[in-house]
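Inspection log for the structure reproduced underneath, given as structure tokens.
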Amino acid sequence: MAGETGPFNMSRAMAMVMAGLFTLACYNVLEISISIFTTFRRRSGLYFWSMVVATLGILLHAIAGFLRYLALAPNFTMGLLVCIGWYAMVTGQSVVLYSRLHLVTTHARYTRWVLYMIINFFALHIPTTVLFLGSNHGVNEFIEPFNIYERVQLTGFSLQETIISALYIWEAVTELRLLLAMKGPCGQRVISNVVIVNALAVLLDVTLLATQYSGYFTIQTTLKPVVYSIKLKMEFTVLNSLIAVVRTNPSNIEDFQRLHIEDLNIKPRWSGDHSDGSATADTPCADDHSQRQKASKESPLQTHHSWVSSNNQLGCV
């Protein structure tokens with residue numbers, strides 16, 4: 077099959093498709109890079125560096141693969157760079173999701189399981205790298221095992237990303253739904269975005285699998301940087317909106333009321349000044365404000381917010 081061992085004779089249509097996918101991947105990388113360095117206030121932490129590594133991995137994989145297929149650079153050297161970019165692109169993206177997983181779940185064991193899974197699945201890189209580089213170094217006996225193991229590793233990494241995406245969706249519609257509902261329409265939109273983005277990520281992985289199992293290795297490897305750049309761009313956007321909403325915690329009943337009053341375009345009549353800066357609404361429900369305020373101090377939302385704030389990974393953006 078063409079592409080596994082280096083440059084090959086391709087039609088003009090194939091060359092145009094590959095050039096288009098390469099251009100799209102590079103454009104997405106440029107857009108993500110600008111977003112990273114304009115969004116992060118503190119350029120440190122796991123979230124920041126995993127985003128940087130994953131983005132650079134996409135760029136390296138795309139450029140090295142394009143030069144390799146068109147015989148514009150030494151085949152083995154480009155093959156080695158493809159492997160390095162592949163490491164950073166695939167595992168880096170899983171680490172991006174892991175780094176923000178604590179925002180959607182308070183179960184520490186979930187984050188530990190995901191970390192263990194990423195470490196274990198990383199082992200899939202090693203046999204593929206050996207077989208791929210051997211095939212491109214003239215060891216013909218490695219070509220057929222590589223074709224088989226290429227499908228195995230692609231399925232394995234797709235399964236890993238599907239599990240992480242499913243965990244985000246599950247936690248968003250169960251544990252976070254009630255908590256973010258207190259944020260008003262903004263919180264509801266974040267829940268919807270988390271579900272939609274992770275569902276689209278799974279569909280994009282299915283596209284890669286379908287391309288590989290259909291026997292189009294060259295298209296699959298050229299499409300892969302595009303798929304990962306799209307997923308990274310979507311996940312970066314939705315994770316940042318999730319961070320912003322989780323940090324904006326209505327700590328008292330006045331904030332909670334203000335959110336709903338603004339949504340309804342109702343201007344309340346406030347009366348009474350207090351030494352602590354609070355105010356009392358001149359409504360029939362004012363009598364139970366103190367009870368509701370006391371209850372809000374022990375609400376699940378504050379508990380979740382406190383748990384998130386205490387996490388060492390929070391505060392990267």
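Under the numbering used here, think of the first position of the sequence shown as 77, with each following residue one higher. From the three backbone atoms N, C-alpha and C, an ideal C-beta is built for every residue, glycine too. Model, not experiment: these values are computed from the prediction.
**Asked** Can you list, in chain order, the residues of its chain whose CB lies under 6 Å from that of Gly133, leaving out five sequence neighbours each side?
**Response** Gly161, Ala164, Met165 and Gly168
**Request:** Look at the Cβ atom of Leu122, then the Cβ atom of Ser175, and state whether they are nearer than 7 Å.
**Result:** yes
**Request:** Under the assumption that Phe222 contacts Leu207 (Cβ atoms under 8 Å), give the Cβ distance between them as a whole number of angstroms.
**Result:** 4 Å
**Complete alpha helix (DSSP H) runs within the region 213 to 266 (minimum length 4 residues, chain order)** = 219 to 249 and 251 to 257
**Prompt:** Between Arg144 and Met154, what straight-line distance do the alpha-carbon atoms span, to the nearest angstrom?
**Reply:** 6 Å
**Request:** Mind listing, in chain order, the continuous alpha helix (DSSP H) runs of no fewer than 4 residues lying wholly within the region 77 to 126?
**Result:** 88 to 115
**Request:** Could you say if the region 288 to 303 and the region 112 to 120 meet the contact criterion of at least three C-beta pairs nearer than 8 Å?
**Result:** no
**Request:** Could you say if the region 267 to 285 and the region 207 to 220 meet the contact criterion of at least three C-beta pairs nearer than 8 Å?
**Result:** no
**Of the residues Trp246, Ala130, Glu226 and Thr81, the one placed nearest Lys307, counting alpha carbons only** = Ala130
**Asked** Using the beta-carbon count (16 or more within 10 Å), is Gly141 buried or exposed?
**Response** buried
**Request:** Would you kindly work out how many angstroms separate the C-alpha atoms of Gln229 and Val93, rounded to a whole number?
**Result:** 25 Å
**Prompt:** Buried or exposed: where does Gly263 fall if 16 or more other Cβ atoms within 10 Å of its Cβ makes it buried?
**Reply:** buried
**Request:** Would you decide whether Ala199 is buried or exposed? Buried here means 16 or more other CB atoms lie within 10 Å of its CB.
**Result:** exposed
**Message:** Buried or exposed, going by whether 16 or more other CB atoms sit within 10 Å of the CB of Leu148?
**Reply:** exposed
**Prompt:** Nearest to Thr297 by CA position, among Ala89, Ser87, Ala101 and Ile108, is which residue?
**Reply:** Ala101
**Message:** Along the chain, where does the alpha helix (DSSP H) containing Pro203 start, and where does it finish?
**Reply:** His201 to Ser211
**Item:** Every unbroken alpha helix (DSSP H) within the region 117 to 184, with a cutoff of 4 residues, ordered by chain
**Value:** 121 to 145 and 151 to 175
**CB of Ser234 within 7 Å of CB of Glu80, strictly** = no
**Prompt:** By the 10 Å Cβ neighbour count, where 16 or more other Cβ atoms means buried, how is Tyr304 classified, buried or exposed?
**Reply:** buried
**Message:** Just to confirm my understanding: we take Trp125, look at its own chain, exclude 5 residues before and 5 after, and list those with CB closer than 6 Å. What are they?
**Reply:** none
**Asked** Which whole runs of the alpha helix (DSSP H) in the region 274 to 309 are 4 residues long or more, in chain order?
**Response** none
**Request:** Measure the alpha-carbon distance for Thr182 versus Leu146 and round it to whole angstroms.
**Result:** 49 Å
**Item:** Integer-rounded CB distance, given that Glu226 should sit under 8 Å from Thr204
**Value:** 7 Å
**Asked** Are Val270 and Ala248 closer than 7 Å when you measure CB to CB?
**Response** yes
**Request:** Please state if the CB of His213 and the CB of Phe152 are separated by a distance shorter than 7 Å.
**Result:** yes
**Item:** Contacting residues, own chain, Cβ-Cβ under 8 Å from Thr231 (five flanking each side not counted)
**Value:** Leu285
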